[in-house]
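What follows is one structure encoded as structure tokens, with my remarks underneath.
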Amino acid sequence: MRRSITGFSNPTVKYLRALRDKKHRRREGRFLAEGLRLLTDALEAGRVPEVLVMAEGREAHPLLDALEAAVDAAGGDVVETSAEILSKITGKDNPQTVAGAFAEFDTSLAALDRARAPIWLVAQALRDPGNLGTMLRTGDAVGAGGLILLDDCADPFSVEAVRASMGAVFTQAIAQARWEEFLPWLRGGAGQLVGASLRDAQPYRGAPYAAPCFILVGNESRGLPEAYEDACDLRVTLPMRGRADSLNAAMAGAVLAYEVLASLER
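Using the numbering used here, the first residue of the sequence shown is number 1, and each one after it goes up by one.
Right, here's the structure in full:
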């Protein structure tokens, strides 16, 4: 059943606005996503928002009708409000006409099925939510199983990361773990760990990749710790023809992912 909200002080508005804060997000186990495309991607992936917020005066659209019907069927909350209030909720001056609040996913390593895909992306201490979102998009593009975040990474459920993922946050599995948890989990089954490195590395083209391949990239400014590089089955490097000594972490992950994909398909 659709209801209308007209006041900025409404408890639902306050609750949704608070989801932009990491502490509140973690306490509630909920996150925000905005835009008809993102919410449609979520629905196609089997994720239905618990709360659907729509702007008054929006144009009718069959995809929005489908979203509303799905939320109603799941017993969720459908809210109609002003563009100004929706702007307060999303933190954008020109918000999309629809947003949703979703339950966070299980991000444990135990929830992953490594046999699901031949490629997995792994990021260590990735701090930029835009880079995190880009890696999720890359994973979706190459058919990866998902993204494993090691140590202190940006929050994959932040508004910025979700927005940058362009819907891939709903199509890619996401796991969060410490290195001390990840390495025993990886060695407990099949999996080649490939690190992007400048130390004792071979060219990324023609390297002996094997599925399932876990592509590991490090922090944007520091790269991978030496101990993490030492644990890799294979270390590869990208050629730098100009003055730059490295690529952006998400870009390096994308280049390697496509090379691994091409190698495994040969």
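Ideal Cβ positions, reconstructed from N, Cα and C, are used throughout, including at glycine.
These numbers were taken from a predicted model, which means no experiment stands behind them.
| Asked | Found |
| --- | --- |
| Count the other C-beta atoms from every protein chain shown that fall within 10 angstroms of the C-beta of E34, then say buried if there are 16 or more, exposed otherwise. | buried |
| How about A175 and G133: are their beta carbons less than 7 angstroms apart? | no |
| Check whether the segment 165-173 and the segment 122-142 are in contact - that is, three or more C-beta pairs closer than 8 angstroms. | yes |
| Mapping DSSP to helix, strand and coil, what is E80? | strand |
| Tell whether a beta-carbon distance below 7 angstroms holds between F102 and P49. | yes |
| For G146, which of helix, strand or coil comes out of DSSP? | strand |
| Quick test of your reading: V142 and L261, contact by CB under 8 angstroms. State the CB separation rounded to the nearest angstrom. | 5 angstroms |
| Tell me the start and end of each unbroken alpha helix (DSSP H) in the segment 217-247 that is at least 4 residues and wholly inside, in chain order. | 226-230 |
| When the Cα of E180 is compared with those of D151, G242 and R114, which residue comes out closest? | D151 |
| In whole angstroms, give me the CA-to-CA distance for A207 and L198. | 15 angstroms |
| What did DSSP end up calling M166 once you bin it into helix, strand or coil? | coil |
| Determine, using beta carbons only, whether D41 and F170 come nearer to each other than 7 angstroms. | yes |
| In three-state DSSP terms, what is F102? | strand |
| Excluding the five sequence neighbours on either side, which residues of its own chain have a C-beta within less than 7 angstroms of the C-beta of I85, listed in chain order? | I5, F8 and V13 |
| Hey, how far is the Cα of S87 from the Cα of A99? | 10 angstroms |
| Would you kindly report the start and end of the unbroken beta strand (DSSP E) that includes A55? | V51 to A55 |
| Is T97 closer than 7 angstroms to A125 when the C-beta atoms are compared? | no |
| Would V78 and E68 qualify as a contact pair, given that the criterion is a beta-carbon distance under 7 angstroms? | yes |
| Between which two residues does the alpha helix (DSSP H) containing V122 stretch? | Unbroken run through V122 is the beta strand (DSSP E), I119 to Q124; no alpha helix (DSSP H). |
| Just to confirm, are A154 and W120 a CB contact at a threshold of 7 angstroms? | no |
| Here's the rule: buried if 16 or more other CB atoms are within 10 angstroms of the residue's CB, otherwise exposed. What is Q202? | exposed |
| DSSP three-state call for A201: helix, strand or coil? | coil |
| What first and last residue would you give for the beta strand (DSSP E) that runs through G253? | From DSSP, G253 is part of no beta strand (DSSP E) but of the alpha helix (DSSP H) over A249 to E265. |
| With the cut-off set at 7 angstroms, would you say L224 and G188 are in Cβ contact? | no |
| Alpha carbon to alpha carbon, how far is R2 from T138? | 36 angstroms |
| Give me the Cα-Cα distance between T237 and P11, rounded to the nearest whole angstrom. | 52 angstroms |
| Taking K92 as the reference, which of Y228, E104 and R17 has the closest Cα? | R17 |
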